[in-house]
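Beneath this line is the structure, given in structure tokens, with notes to follow.
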Amino acid sequence: MRVKKHYVFIFLLLISLIGYTQNTITGKIIDAETKEPIYGASIYFDGTTIGTISNDSGKFQLTIKKESDVPLIISSLGYKSELIQLQKQLELGVIELEVDRESLEEVFLETDPWSREKKLNYFKEWLLGGDYTKKECKVLNEEDIKLRFSPSSQTLTAYSEKVLLIENKYLGYKINYQLMDFELKFNKRKITQYNNDTLIEFHPNSFYYAGSSFFQEINKDTKRKHLKRREKIFLGSLTHFMRSLSNKKLKENNFKIFQEGREIPPYRYFNIDSISNNKNKIDFLTKKISVLYDNKYQSYIKLIDNLTSTSFYTDNLGNFYPNRYFYISGYMSTLRISSLLPLDYRL
């Protein structure tokens with residue numbers, strides 16, 4: 324997929340960093356009103372393969388084998404999801420989920436001129452990635468996706484009250500994806516035809532999406548082809564770059580940094596300060612750089628305008644925040660859900 328002047332905001336949920344070594348988190352999930360236990364609630368660390376469900380008593384236990392840097396998500400159909408910031412506590416006690424009575428249906432004063440098919444095609448191409456059909460990646464419950472195009476703002480938005488069930492046969496994952504935000508902005512162009520009629524065309528310009536995800540293997544025994552594909556997808560990805568940057572291994576991991584067409588020392592515009600064992604504060608000392616991986620895959624990282632700070636934070640998983648800190652274009656921006664790997668991949 325060729326990307327030209329298409330910028331993607333990458334969103335990764337990240338909470339304060341906590342270290343665990345083979346510890347077990349426990350708790351009980353109940354209905355906030357009836358106080359009855361909730362069976363089958365999903366409890367997982369966002370973006371990882373680490374998760375479980377509550378039993379018929381609403382209780383759960385989740386063993387952590389490695390350091391975890393991401394929020395714990397608790398969700399159940401018909402309830403508002405909870406995002407828990409762990410402060411080294413392992414016994415969470417009773418967690419109450421509130422029934423979700425909010426209707427997300429809105430009254431729009433502006434007519435939506437686009438068909439559902441057209442909107443859905445844009446949604447799948449930009450959320451899953453331009454090559455999602457080739458990778459056999461699909462949303463199994465498309466009917467739960469609500470879509471809206473606004474001609475005045477030239478923006479396509481999407482939401483779902485239910486978790487999106489995504490099957491990625493190419494990488495061998497089932498993904499439960501809770502869509503929090505989807506915004507695809509277009510540029511409007513007026514084209515005068517030979518008969519002097521004016522034709523208006525919309526072209527994608529920038530894209531932002533946000534969500535939480537839980538990964539499961541499609542098959543109990545991971546196939547060799549899936550392992551090879553995952554390795555290929557990981558190398559040169561934004562996660563790979565951020566891990567390499569955080570560990571000061573850009574050169575060792577085949578990343579080169581360029582500015583205005585000239586290669587520069589990899590850390591010239593990065594001032595890296597270690598805050599803890601798995602957290603760094605990084606000052607980005609320029610507006611835009613080009614990143615080349617393995618002399619093949621080129622990406623561009625550009626600081627967004629009007630930031631109050633030029634500092635961002637990274638962790639050992641490859642997360643970075645604030646979430647709307649960079650514009651990403653080029654190769655890295657093409658790696659969407661169909662190329663998404665768990666945050667605990669290769670750790």
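Heads up, the sequence shown is in my numbering, so the first residue is 324 and it goes up one at a time.
Where a beta carbon is used, it is the ideal one built from N, C-alpha and C, also for glycine.
Keep in mind it's a predicted model, so treat the numbers as computed, not measured.
Next item on the list: Assign N510 to buried or exposed, taking buried as 16 or more other Cβ atoms, counted over all protein chains shown, within 10 Å of its Cβ.
Entry: Here N510 is exposed, its C-beta having fewer than 16 other C-beta atoms within 10 Å.
Note to self: For L615, which residues in the same chain have their Cβ closer than 6 Å to its Cβ, ignoring the five residues on either side in sequence?
What the structure shows: K579 and Q621, listed in sequence order.
Margin query: Less than 8 Å between the C-beta atoms of V486 and S560, yes or no?
Written below: No, the Cβ-Cβ distance between V486 and S560 is not below 8 Å.
Note to self: Taking 8 Å as the threshold (C-beta atoms), are K461 and Y493 in contact?
What the structure shows: Cβ atoms of Y493 and K461: not closer than 8 Å.
Next item on the list: Assign H526 to one of two classes, buried (16 or more other C-beta atoms within 10 Å of its C-beta) or exposed (fewer than that).
Entry: Exposed, because fewer than 16 other Cβ atoms sit within 10 Å of the Cβ of H526.
Note to self: Could you tell me the alpha carbon to alpha carbon distance between Y367 and L395, rounded to whole angstroms?
What the structure shows: When rounded, the separation of the alpha-carbon atoms in Y367 and L395 is 6 Å.
Checklist line | Range covered by the alpha helix (DSSP H) that runs through T562 | finding: From DSSP, the alpha helix (DSSP H) with T562 extends over L561 to S569.
Next item on the list: For T456, count neighbouring Cβ atoms within 10 angstroms of its own Cβ and tell me buried if that reaches 16, exposed if not.
Entry: T456 comes out exposed.
Check: Between V422 and K469, what straight-line distance do the alpha-carbon atoms span, to the nearest angstrom?
Finding: About 21 Å.
Check: Based on the DSSP output, what are the partners of Q477 in its beta bridges?
Finding: Beta-bridge partners of Q477 (DSSP): none assigned.
Checklist line | Limits of the beta strand (DSSP E) - the one that R585 falls within | finding: Element bounds for R585: R585 to I587.
Next item on the list: Within the same chain, show all residues whose beta-carbon is closer than 7 Å to that of F607, passing over the 5 residues directly before and after it, in chain order.
Entry: The answer, listed in chain order, is Y592, F593, L626, T633 and F635.
Next item on the list: Run the CB neighbour count on D628, radius 10 Å, all protein chains shown included, and call it buried at 16 or more, exposed below.
Entry: Label assigned to D628: exposed.
Margin query: In chain order, what are the residue ranges of uninterrupted alpha helix (DSSP H) at least 4 long that sit wholly in the stretch 436–512?
Written below: Entirely contained in the stretch 436–512, the alpha helix (DSSP H) runs reaching 4 residues are, in chain order, 439–451.
Checklist line | As assigned by DSSP and simplified to three states, the class of I348 | finding: In this structure, I348 counts as strand in the three-state DSSP scheme.
Next item on the list: Kindly list the residues whose CB is nearer than 6 Å to the CB of Y496, restricted to its own chain and excluding five residues on each side of it in sequence; keep chain order.
Entry: Excluding positions up to five away in sequence, the list reads F538.
Next item on the list: Could you tell me which of E554, T371 and I418 sits nearest to E359, measuring between CA atoms?
Entry: Cα-wise, what sits closest to E359 is I418.
Note to self: Please tell me whether T480 and E506 are closer than 8 Å, where the distance is taken between their beta carbons.
What the structure shows: If you check the CB distance, T480 and E506 come in under 8 Å.
Item checked: Distance between S599 and N646 (C-alpha atoms, nearest Å) -> If I take the Cα positions, the gap works out to 20 Å.
Next item on the list: Would you list, in sequence order, the uninterrupted beta strand (DSSP E) runs of no fewer than 3 residues that lie entirely inside the stretch 629–653?
Entry: Runs found: 634–638 and 649–653.
Margin query: I need the straight-line Cα distance from K610 to Y650, nearest angstrom please.
Written below: Y650 has its alpha-carbon roughly 10 Å from the corresponding atom of K610.
Notebook entry, point to check: Going by alpha carbons, who is nearest to E466 out of E575, E484, I556 and I514?
Noted result: With distances taken between CA atoms, E466 lies nearest to E484 out of E575, E484, I556 and I514.
Next item on the list: Have a look at R553 and S404 and give me their C-alpha separation to the nearest angstrom.
Entry: R553 and S404 have their alpha carbons spaced roughly 29 Å apart.
Item checked: Boundaries (first-last residue) of the alpha helix (DSSP H) holding I376 -> Residue range G374 to I376 is occupied by the beta strand (DSSP E) that includes I376, with no alpha helix (DSSP H) assigned at that position.
Item checked: Bridge partner(s) assigned by DSSP for I605 -> Note: I605 is bridge-paired with I595 and F635 in the DSSP secondary-structure output.
Notebook entry, point to check: Rounded C-beta distance between V393 and G370? I'm assuming under 8 Å.
Noted result: The Cβ separation is near 6 Å, so the contact holds.
Checklist line | Inter-residue CB distance, F296 and Y668 (contact presumed, cutoff 8 Å) | finding: Because the chain here runs from 324 to 670, residue 296 falls outside it and cannot be looked at.
Checklist line | Boundaries (first-last residue) of the alpha helix (DSSP H) holding I556 | finding: Where I556 is concerned, the enclosing alpha helix (DSSP H) stretches over R547 to F557.
Check: Residues in its own chain within less than 8 Å of N542 by CB, not counting five upstream and five downstream?
Finding: The beta carbon of N542 sits closer than 8 Å to the beta carbons of G495 from its chain, once the five residues preceding and following it are set aside; these are given in chain order.
Check: Would DSSP call I541 helix, strand or coil?
Finding: Here I541 sits in coil by DSSP.
Check: Does the beta-carbon distance from S662 to Y623 come in below 8 Å?
Finding: The criterion of a C-beta distance shorter than 8 Å is not satisfied by S662 and Y623.
Note to self: Helix, strand or coil for I627? Go by DSSP, reduced to three states.
What the structure shows: Three-state DSSP puts I627 in coil, outside helix and strand.
Next item on the list: Give the straight-line distance between the Cα atoms of H563 and S613, rounded to the nearest whole angstrom.
Entry: Straight-line measurement puts the Cα of S613 at about 15 Å from the Cα of H563.
Note to self: Whole angstroms are fine: how far does the CA of T347 sit from the CA of W449?
What the structure shows: The alpha-carbon atoms of W449 and T347 are separated by roughly 38 Å.
Checklist line | Selected residue, minimal CA-CA separation from S475, among N499, K508 and N444 | finding: When only C-alpha atoms are compared, the closest one is K508.
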